[in-house]
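Taking it in order: structure first as structure tokens, then the write-up.
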Amino acid sequence: MKHNILTIGILSVVLGSACTEKMDIELNDGENNRLVVEGYISTDTMQHSVRLTRSTSYFYNQPATPEKDAIVTISDSEGNIFPLTYDESTGNYLTDPDVYGVPGRFYTLNIKLKDGEEYEAVDELVEPNFFDTVYYEYTNLQYGVDIGAYYYWFYTTFTEKPNFDDKYLIYYYFNDSLWNPTFNDVLYASTASYMDGCEHFEDVLFSAEHEDSIPHNPHMRCDLVTISSGYYNFVTDLYNETVTQSGLFAGPPANICTNIINKDKDKPNGLGYFSARSYDKYEFDIVNDKKDGKPMKDWQKNELKN
Amino acid sequence: MKKIIWLLGIFALTAKTAVPQQLAVATPQGKHTVSGTVSDAATGEELIGATVYIKELGAGTTTNTYGFYSLTVADADYELVAQFIGYTPVTKKISLSQNIKVNFSLETTTTEIEQVVVQGEKLNKNLTRPDMGMEKLQIATIKSIPALFGETDVIKSIQFLPGVGTSGEGFIGYNVRGGGTGQNMMLLDEATVYNAAHLFGIFSVFNNDALKDVKFYKGGMPAEYGGRLSSLLDVHMKEGSPQKFGVNGGIGLLSSRLTIDGPILKDRCSFIVSGRRSYMDIFFPLYRDEIPDDTKLYFYDMNAKVNFKVNDNNRLFASGYFGRDVMNYAGVMQIDYGNRTLTTRYNHLFNDRLFSNLSVIYSHFMYGLEESDTRWESSIRDWNAKADVTFFATPQNTLKTGGQLTYHKFTPFTVTAGANSPNYMKNVSQHNKSLEYAAYVSHETKIGGIIDIDYGLRMSMFQNFGKAEVVNLDENYNAVDTTRHEKGIFNTYKGIEPRISVNWRVTDKASVKANFQQTYQYVHLASTTMSPLPIDSWFASNPNVKPERCRMVSLGYFQNTQNDMYAFSAETYYKKMYDVVDFKDHADMFVSDDIATQIRTGQGYSYGLELMLKKQEGKFTGWVSYTYSRTFTKVETINNNEYYPSNYDKPHDLSVVATYDVLPRLHVSLNWVYSTGAPRTLPTGRFEYNGVIAPVYAERNALRLPDFHRLDLSATFDLKTVERKGRPWLEQNLNLSIYNVYNRHNAASIMFEQDEHDPSVMTAEKLYMFSIFPSVTYNFKF
Numbered sequence: 001m002k003h004n005i006l007t008i009g010i011l012s013v014v015l016g017s018a019c020t021e022k023m024d025i026e027l028n029d030g031e032n033n034r035l036v037v038e039g040y041i042s043t044d045t046m047q048h049s050v051r052l053t054r055s056t057s058y059f060y061n062q063p064a065t066p067e068k069d070a071i072v073t074i075s076d077s078e079g080n081i082f083p084l085t086y087d088e089s090t091g092n093y094l095t096d097p098d099v100y101g102v103p104g105r106f107y108t109l110n111i112k113l114k115d116g117e118e119y120e121a122v123d124e125l126v127e128p129n130f131f132d133t134v135y136y137e138y139t140n141l142q143y144g145v146d147i148g149a150y151y152y153w154f155y156t157t158f159t160e161k162p163n164f165d166d167k168y169l170i171y172y173y174f175n176d177s178l179w180n181p182t183f184n185d186v187l188y189a190s191t192a193s194y195m196d197g198c199e200h201f202e203d204v205l206f207s208a209e210h211e212d213s214i215p216h217n218p219h220m221r222c223d224l225v226t227i228s229s230g231y232y233n234f235v236t237d238l239y240n241e242t243v244t245q246s247g248l249f250a251g252p253p254a255n256i257c258t259n260i261i262n263k264d265k266d267k268p269n270g271l272g273y274f275s276a277r278s279y280d281k282y283e284f285d286i287v288n289d290k291k292d293g294k295p296m297k298d299w300q301k302n303e304l305k306n
Numbered sequence: 001m002k003k004i005i006w007l008l009g010i011f012a013l014t015a016k017t018a019v020p021q022q023l024a025v026a027t028p029q030g031k032h033t034v035s036g037t038v039s040d041a042a043t044g045e046e047l048i049g050a051t052v053y054i055k056e057l058g059a060g061t062t063t064n065t066y067g068f069y070s071l072t073v074a075d076a077d078y079e080l081v082a083q084f085i086g087y088t089p090v091t092k093k094i095s096l097s098q099n100i101k102v103n104f105s106l107e108t109t110t111t112e113i114e115q116v117v118v119q120g121e122k123l124n125k126n127l128t129r130p131d132m133g134m135e136k137l138q139i140a141t142i143k144s145i146p147a148l149f150g151e152t153d154v155i156k157s158i159q160f161l162p163g164v165g166t167s168g169e170g171f172i173g174y175n176v177r178g179g180g181t182g183q184n185m186m187l188l189d190e191a192t193v194y195n196a197a198h199l200f201g202i203f204s205v206f207n208n209d210a211l212k213d214v215k216f217y218k219g220g221m222p223a224e225y226g227g228r229l230s231s232l233l234d235v236h237m238k239e240g241s242p243q244k245f246g247v248n249g250g251i252g253l254l255s256s257r258l259t260i261d262g263p264i265l266k267d268r269c270s271f272i273v274s275g276r277r278s279y280m281d282i283f284f285p286l287y288r289d290e291i292p293d294d295t296k297l298y299f300y301d302m303n304a305k306v307n308f309k310v311n312d313n314n315r316l317f318a319s320g321y322f323g324r325d326v327m328n329y330a331g332v333m334q335i336d337y338g339n340r341t342l343t344t345r346y347n348h349l350f351n352d353r354l355f356s357n358l359s360v361i362y363s364h365f366m367y368g369l370e371e372s373d374t375r376w377e378s379s380i381r382d383w384n385a386k387a388d389v390t391f392f393a394t395p396q397n398t399l400k401t402g403g404q405l406t407y408h409k410f411t412p413f414t415v416t417a418g419a420n421s422p423n424y425m426k427n428v429s430q431h432n433k434s435l436e437y438a439a440y441v442s443h444e445t446k447i448g449g450i451i452d453i454d455y456g457l458r459m460s461m462f463q464n465f466g467k468a469e470v471v472n473l474d475e476n477y478n479a480v481d482t483t484r485h486e487k488g489i490f491n492t493y494k495g496i497e498p499r500i501s502v503n504w505r506v507t508d509k510a511s512v513k514a515n516f517q518q519t520y521q522y523v524h525l526a527s528t529t530m531s532p533l534p535i536d537s538w539f540a541s542n543p544n545v546k547p548e549r550c551r552m553v554s555l556g557y558f559q560n561t562q563n564d565m566y567a568f569s570a571e572t573y574y575k576k577m578y579d580v581v582d583f584k585d586h587a588d589m590f591v592s593d594d595i596a597t598q599i600r601t602g603q604g605y606s607y608g609l610e611l612m613l614k615k616q617e618g619k620f621t622g623w624v625s626y627t628y629s630r631t632f633t634k635v636e637t638i639n640n641n642e643y644y645p646s647n648y649d650k651p652h653d654l655s656v657v658a659t660y661d662v663l664p665r666l667h668v669s670l671n672w673v674y675s676t677g678a679p680r681t682l683p684t685g686r687f688e689y690n691g692v693i694a695p696v697y698a699e700r701n702a703l704r705l706p707d708f709h710r711l712d713l714s715a716t717f718d719l720k721t722v723e724r725k726g727r728p729w730l731e732q733n734l735n736l737s738i739y740n741v742y743n744r745h746n747a748a749s750i751m752f753e754q755d756e757h758d759p760s761v762m763t764a765e766k767l768y769m770f771s772i773f774p775s776v777t778y779n780f781k782f
């Protein structure tokens with residue numbers, strides 16, 4: 001993904017004459033009103049949520065309406081069942097607050113809609129991996145080049161597990177607010193055997209140029225989320241179809257994969273994904289990132305772990 | 001085997017029918033051969049495709065790629081005529097009682113720099129030759145066509161021909177009769193050019209100033225060529241004048257070029273060196289706010305050739321090309337890519353009727369990605385040995401045979417880690433080795449003066465060998481395990497490729513032609529993008545990827561009127577393609593261990609009608625071409641395994657190319673192109689996930705971009721010729737061109753944007769590549 005971004009970046013310089021303009025286009029309406037599922041279970045003990053909505057025509061241009069009155073449960077491969085109840089305030093179905101997932105187990109989401117249609121989604125909660133290092137810089141330099149603005153530049157490293165499909169999301173929170181909610185720059189995967197046992201390096205930049213962009217001296221949290229191959233495929237599909245898609249150098253569009261299976265084989269499957277995730281988290285406070293409210297230019301690298 | 005017997009039968013039958021023809025021109029006094037070369041009197045360069053005929057018999061031939069001809073006829077006194085349009089014909093009286101050599105030097109009637117369209121062939125050649133789907137492009141024609149940034153180009157020119165579509169505005173990728181961009185063979189002095197793009201395709205690697213001859217086959221491919229399903233672009237470089245030194249060049253907005261040629265040993269040995277360099281990046285400091293310092297963007301290339309005439313029977317050539325593109329962002333990230341070719345050839349005349357050529361060819365394409373001091377590189381290397389023999393049996397019969405062996409070495413990736421590289425980066429490399437063999441025999445015969453048949457058989461074979469790891473796939477294309485091969489041949493594919501073209505001269509001014517060909521392709525190009533890029537992957541057939549195969553039949557009607565001033569053609573074709581490769585949905589080349597897990601195969605078919613009306617002579621020249629074509633593909637796991645329109649299915653395509661000599665020193669040209677919008681897969685619905693609006697698609701390529709059309713104009717002013725000692729010393733002209741005159745914003749792609757303030761609102765935007773763009777180029781020739 002990083003190479004694609006690099007390519008597109010350089011191409012945008014090459015093709016400086018390319019422009020965009022708004023246009024009217026009439027799209028065909030497909031088979032809409034399909035069930036959409038967004039939810040997960042993780043190794044965290046918490047109230048897990050599942051959101052049910054419906055697909056619409058492309059230019060519907062209204063928020064999706066939550067699907068109510070469904071019977072929703074999550075069960076694991078050991079026979080434990082966790083019922084979810086509808087929460088009017090959020091429009092989500094919620095578990096009890098003491099629910100957590102156990103690595104190595106398979107989790108199944110069962111949905112029975114009020115019209116009688118039933119769906120099922122299965123995902124494996126894989127063993128977690130752990131950060132080796134988390135550190136950051138507050139800098140205006142990237143590879144020694146002044147990039148004209150100040151950024152928090154976070155580095156994380158972790159070691160790839162042998163004979164394992166390494167698939168991860170990396171989330172960054174400032175004062176408990178997720179700072180990269182749209183999967184951009186958070187995804188890493190490798191099935192390449194030559195990477196086994198090697199330390200992997202990920203970095204991400206967050207703009208600090210605007211006073212309101214990142215809170216002053218924030219509390220920081222990094223999550224290394226180990227995910228299944230199926231969910232990785234879903235997230236990469238979603239990323240391709242919403243971020244890198246439609247450009248000149250994008251690949252042919254294709255539907256985003258799903259694990260929401262309609263129990264009636266003659267009817268279309270749902271959309272979205274129910275995932276199971278293992279977490280490793282690291283929290284710390286950032287101090288002295290600014291002096292007198294102004295960016296500090298040469299703040300040195302801080303190694304916060306190991 | 002049945003096919004071979006059938007073909008051999010046809011061969012035997014026509015060979016027999018050729019014998020009476022041979023006897024018909026023979027006399028009791030016996031027969032002898034007149035042979036030689038036809039060259040340009042000014043430069044000494046041999047002319048390819050010049051006509052040489054005997055007036056009394058009406059029998060003739062054309063010069064081959066090396067300017068050589070041979071005619072064997074009954075002993076008598078004759079007038080032998082050599083002609084090449086744009087040159088003054090030369091007639092020589094000969095008395096044939098023994099084998100003789102007659103060389104011709106033809107004087108030009110016009111000069112190339114005047115931008116007059118010089119036809120390289122006899123005007124009615126389209127009626128007399130059996131091959132159909134072949135176009136011989138003149139360099140002067142190419143130079144006269146208005147072009148983006150004023151950069152005229154071979155490939156941009158063939159995109160105006162019927163049956164040829166462009167894969168994207170401004171780019172050099174092209175699709176021929178429903179074939180993919182990777183199904184086009186491009187040869188530069190016989191060396192394969194795997195990627196002809198400079199600056200991601202705005203320019204091609206073919207430098208007009210260094211080119212002598214360009215032939216383009218979209219069908220009717222001769223048996224000596226193979227390796228690609230759809231087309232052949234056969235480009236030959238100039239040899240340089242063996243008589244006098246010359247310098248020519250041009251200074252353009254984005255690039256400049258310079259060519260020097262001349263004799264090393266007068267009339268025996270000559271050279272040509274031609275180079276180009278772009279300088280788009282020198283303007284970057286003007287955009288300091290948008291483009292970081294140390295950002296580079298340029299290409300350079302060089303063509304060089306030496307030829308040495310040992311004696312009348314032996315000749316040596318060595319030619320090479322080297323080019324590189326460099327794109328460096330802020331000095332920290334870089335993409336570079338380029339081609340390198342080296343061709344050495346030896347022509348030998350065994351006797352006046354038996355011509356041979358031996359070539360040894362090296363071809364290399366690489367691209368690299370560099371970040372910090374870590375470099376990722378992919379490359380293809382070919383070593384090729386090739387032998388061809390032509391036997392000019394009689395004016396009515398020419399036999400050709402030959403063979404070639406190519407050693408391919410694919411290096412899908414090499415990672416070179418530096419001291420500052422992340423520690424997971426190791427120095428790793430992977431290679432795949434394979435051999436591609438081909439042998440062919442063909443026979444061109446003329447029966448009764450009204451039927452020409454060119455038929456042949458090409459046998460090809462492909463083998464993977466050497467140390468390799470081949471993944472074993474399950475039914476879902478997941479890698480299950482790996483089979484390790486230490487040495488030797490571990491996989492073989494074979495192909496039988498019959499070719500036949502028939503030309504029936506219905507009248508002096510009309511002919512009907514038919515063609516059938518089968519082609520195999522053992523190396524494949526798979527693109528993860530809608531537009532061709534250097535980072536697209538070439539890979540060889542292996543136990544997981546079969547060779548691609550294509551069968552095509554075509555039928556054409558050709559009519560000339562008003563002394564061949566106008567030429568009309570109508571061609572129709574049907575083409576079926578098997579085992580074509582494509583990437584699976586959402587393929588990711590950077591994550592997987594083996595490309596085979598990302599590849600899917602399928603089949604396709606295409607059909608079409610191509611109409612063309614050409615005005616070949618006069619102040620006003622040019623052509624109008626219209627193509628109706630459809631092309632469909634079915635690839636496993638895509639579109640529910642149903643056929644869908646290919647990405648380059650554009651049913652209607654119209655091109656107008658015209659040049660008019662307004663004044664002796666002023667020439668204007670225009671081209672206008674129209675095509676149906678390219679098919680695209682656009683959303684039919686949407687769903688929300690994680691705050692993002694995600695698309696839902698129904699059928700692949702069910703909708704289209706808006707129709708494409710564009711007008712370009714150019715004017716060339718011949719500036720005053722500078723004279724020295726009463727002779728022209730410097731010829732020069734100024735070319736002004738306007739690309740996209742009426743500033744149409746043709747959509748290259750449609751994108752959908754989520755509204756910043758209301759994330760549930762989506763809007764459509766079109767991406768267009770080029771607005772109106774004027775340019776100026778100064779050309780000179782010493």
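Chains as they are written, first to last, in my numbering: chain A, 1 to 306; chain Z, 1 to 782.
No residue lacks a Cβ here, since even glycine has one placed at the ideal position from N, Cα and C.
Below 8 Å on the Cβ atoms is my guess for residue i versus residue j; work out the distance and round it to an integer in Å.
| i | j | result |
| --- | --- | --- |
| Leu35/A | Tyr93/A | Contact doesn't hold; Cβ gap of about 13 Å is too wide. |
| Ser625/Z | Lys650/Z | About 14 Å separates the two Cβ atoms, so there is no contact after all. |
| Ile256/A | Tyr119/A | Between Tyr119/A and Ile256/A the Cβ distance is about 16 Å, and since that is not below 8 Å, they are no contact. |
| Leu473/Z | Asn542/Z | Going by Cβ atoms, the distance from Leu473/Z to Asn542/Z rounds to 11 Å, so no, they are not a contact pair. |
| Gly456/Z | Ser434/Z | With 8 Å as the limit, Gly456/Z and Ser434/Z do not qualify as a contact, their Cβ atoms being about 25 Å apart. |
Can you give me the Cβ contacts of residue i inside the same chain, cut-off strictly under 6 Å, excluding the 5 residues immediately before and after it?
| i | result |
| --- | --- |
| Glu371/Z | Met333 |
| Ile251/Z | Tyr778 |
| Thr716/Z | Gln115, His667, Asn733, Asn735 |
| Ile450/Z | Arg505 |
| Phe617/Z | Reading the sequence as shown, one finds Glu at residue 617/Z and not Phe. Cβ neighbours of Glu617/Z beyond the five flanking positions: Met565. |
Measuring only the C-alpha atoms, how far is residue i from residue j?
| i | j | result |
| --- | --- | --- |
| Tyr135/A | Pro218/A | 14 Å |
| Met769/Z | Cys19/A | 6 Å |
| Tyr300/Z | Arg277/Z | 4 Å |
| Phe780/Z | Phe773/Z | 23 Å |
| Lys244/Z | Pro263/Z | 6 Å |
| Val81/Z | Ser97/Z | 18 Å |
For residue i, return the contacting residues in chain D, with the cut-off set at a CB-CB distance below 9 Å.
| i | result |
| --- | --- |
| Thr684/Z | The question asks about chain D, but that chain is absent: this structure's protein chains are A and Z. |
Go through its chain and collect everything with a Cβ distance to residue i's Cβ below 8 Å, but skip five positions before and after it.
| i | result |
| --- | --- |
| Ser157/Z | Leu137, Thr141, Ile142, Ile145 |
- prompt: Do the stretch 152 to 161 of chain A and the stretch 259 to 271 of chain A make contact, defined as three or more Cβ pairs closer than 8 Å?
  reply: Under the 8 Å Cβ criterion, the stretch 152 to 161 of chain A does not count as touching the stretch 259 to 271 of chain A, having fewer than three qualifying pairs.
Inter-stretch contact (C-beta, 8 Å, three-pair minimum) for the stretch 571 to 582 of chain Z and the stretch 539 to 557 of chain Z: Counting Cβ pairs under 8 Å, three or more are found: they touch.
task: Go through the stretch 538 to 564 of chain Z residue by residue and report every complete run of the alpha helix (DSSP H) that reaches 4 residues or more, in order.
output: At a cut-off of 4 residues, not a single continuous stretch assigned as alpha helix (DSSP H) sits fully inside the stretch 538 to 564 of chain Z.
Contained beta strand (DSSP E) runs [length at least 3] in the stretch 381 to 462 of chain Z, N- to C-terminal order: Within the stretch 381 to 462 of chain Z, the complete beta strand (DSSP E) runs of at least 3 residues are 397 to 416, 428 to 447.
message: Counting beta carbon pairs with one atom in the stretch 660 to 667 of chain Z and one in the stretch 689 to 707 of chain Z, are three or more of them shorter than 8 Å?
response: As far as the Cβ criterion goes, the stretch 689 to 707 of chain Z does not touch the stretch 660 to 667 of chain Z, which means the pair count is below three.
message: Using 8 Å as the cut-off, can you tell me whether the stretch 81 to 94 of chain Z makes contact with the stretch 49 to 60 of chain Z, which would need three or more C-beta pairs spanning the two stretches below that distance?
response: Touching, per the Cβ criterion.
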